[in-house]
Amino acid sequence: MGKLLPRGTKGGQRRSPDFTTRKTALATSTPLLPTSNARVIFDGFRSTPVLDHAEGLDLDPVDGSLWCGGEAGQLYRIDLAANSIELIDQNPGGFTLGLRFTNRREVIWLDAVRCQVRRLAVGTGRPVELLVDGAIGDHRLVYPNALDVTADGVMYISDSDGDAETGGGAIYRISADDTAEVWCPGPFHFANGVAVSPDGQWLYVAESASRAVSRVAILPDGSAGPIERIWTLGNRVPDGLAFGPDGRLYAACYYPSIILRLEAEGGVTTIYEDPIGHTLSNPTNLVFVGTEALVANLGRWHITSIDMRPVLT
194 MGKLLPRGTK GGQRRSPDFT TRKTALATST PLLPTSNARV IFDGFRSTPV LDHAEGLDLD
254 PVDGSLWCGG EAGQLYRIDL AANSIELIDQ NPGGFTLGLR FTNRREVIWL DAVRCQVRRL
314 AVGTGRPVEL LVDGAIGDHR LVYPNALDVT ADGVMYISDS DGDAETGGGA IYRISADDTA
374 EVWCPGPFHF ANGVAVSPDG QWLYVAESAS RAVSRVAILP DGSAGPIERI WTLGNRVPDG
434 LAFGPDGRLY AACYYPSIIL RLEAEGGVTT IYEDPIGHTL SNPTNLVFVG TEALVANLGR
494 WHITSIDMRP VLT
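Numbering-wise (my numbering), the sequence shown opens with residue 194 and increments by one.
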């Protein structure tokens, strides 16, 4: 968890936005899917190189390869068909968290330790670029964590500067022309996974420290609306968020090792749970490939595939 900036510094200043909380229901206790619906699709424990506890992951829109990061600043490419892995880049002293592709086949990833937003245009031969390095204007990044990218190339990035007691954190926005800004200065309680709604009108934000998921309106002029807390999850700690092919929002929970579906008006359904944390182990982010959900496991060295067909109705 990132260290909070002193309130007297420009980097730590926060406005007080409109904030509403809805009454929400806790998740159903019985998972809809049996444990047999999950399998290890890539085992990085014995691979060369070893898959070093991936957190973020996404698919190359051209060749379908799976890209993810590692806890020593790695960027990996995994060929699932060939069961092979290669190290594409490594940022010394770094820690790779969120990762997403753009429609232009650019992979964007976040280094939480070095406070960077990094970009590689795959297949062009160009070197890695730094979109953000330490600060946006006079606002210092603390713990860039997760991101989502819209179809037109706009990036929304969470900064997990905050906890359940004090509140902090922010959401950054990088436009298609690479202009970066503090889009929503919070407060958030450890802002983590983010997901833009299919209609482009909302940004959903996992707040891990308060075990909740909120949303922020994306206004017609691109600015941020008020923060609304929609789901409170009891003892479940949300990490990554993703919309499925059914248009519904799913959350990977770091603890316990479960996948939730976040229903309309605050309802929550448990989709999958690994009671021993083996096949699904501290899941962080998920991406859908047809009716499969591919999930990164920070607690182990593999990628999990969950057959979601029975619940995608």
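From the three backbone atoms N, C-alpha and C, an ideal C-beta is built for every residue, glycine too.
Consult DSSP for residue i and reduce its assignment to one of helix, strand or coil.
i, result
"residue 457", "helix"
"residue 216", "Low confidence applies here, because residue 216 scores a pLDDT of 48, under 50, leaving its location unreliable and the question unanswered by this model."
"residue 380", "coil"
"residue 228", "helix"
"residue 254", "coil"
"residue 366", "strand"
"residue 502", "helix"
"residue 246", "coil"
"residue 395", "strand"
"residue 331", "coil"
"residue 279", "strand"
Can you check which of these residues, the options, is closest to residue i by C-alpha distance?
i, options, result
"residue 491", "250, 393, 302, 316", "250"
"residue 310", "371, 409, 502, 392", "371"
"residue 337", "343, 344, 328", "328"
"residue 472", "226, 231, 227", "231"
"residue 403", "446, 302, 376", "446"
"residue 358", "401, 239, 273, 493", "401"
"residue 486", "438, 391, 272", "438"
"residue 350", "453, 394, 399", "399"
"residue 264", "489, 414, 479", "489"
At the level of alpha carbons, what is the spacing between residue i and residue j?
i, j, result
"residue 321", "residue 266", "13 Å"
"residue 500", "residue 464", "11 Å"
"residue 449", "residue 475", "7 Å"
"residue 483", "residue 429", "26 Å"
"residue 256", "residue 245", "23 Å"
"residue 441", "residue 423", "14 Å"
"residue 344", "residue 467", "33 Å"
"residue 333", "residue 325", "10 Å"
"residue 461", "residue 317", "43 Å"
"residue 280", "residue 436", "28 Å"
"residue 295", "residue 376", "20 Å"
"residue 293", "residue 342", "7 Å"
"residue 226", "residue 502", "10 Å"
"residue 315", "residue 239", "26 Å"
Just to confirm, are residue i and residue j a CB contact at a threshold of 7 Å?
i, j, result
"residue 287", "residue 307", "yes"
"residue 177", "residue 253", "Nothing about residue 177 can be reported from this structure: the residues present for the chain run from 194 to 506 only."
"residue 495", "residue 243", "no"
"residue 379", "residue 433", "no"
"residue 477", "residue 248", "yes"
"residue 417", "residue 409", "yes"
"residue 300", "residue 290", "no"
Span of the beta strand (DSSP E) holding residue i?
i, result
"residue 291", "289 to 294"
"residue 471", "Residue 471 -> no beta strand (DSSP E), and no H or E assigned at all."
"residue 445", "442 to 448"
"residue 512", "Beyond the ends of the chain as shown, which are 194 and 506, falls residue 512; an answer cannot be given."
"residue 262", "259 to 262"
"residue 418", "417 to 425"
"residue 268", "267 to 272"
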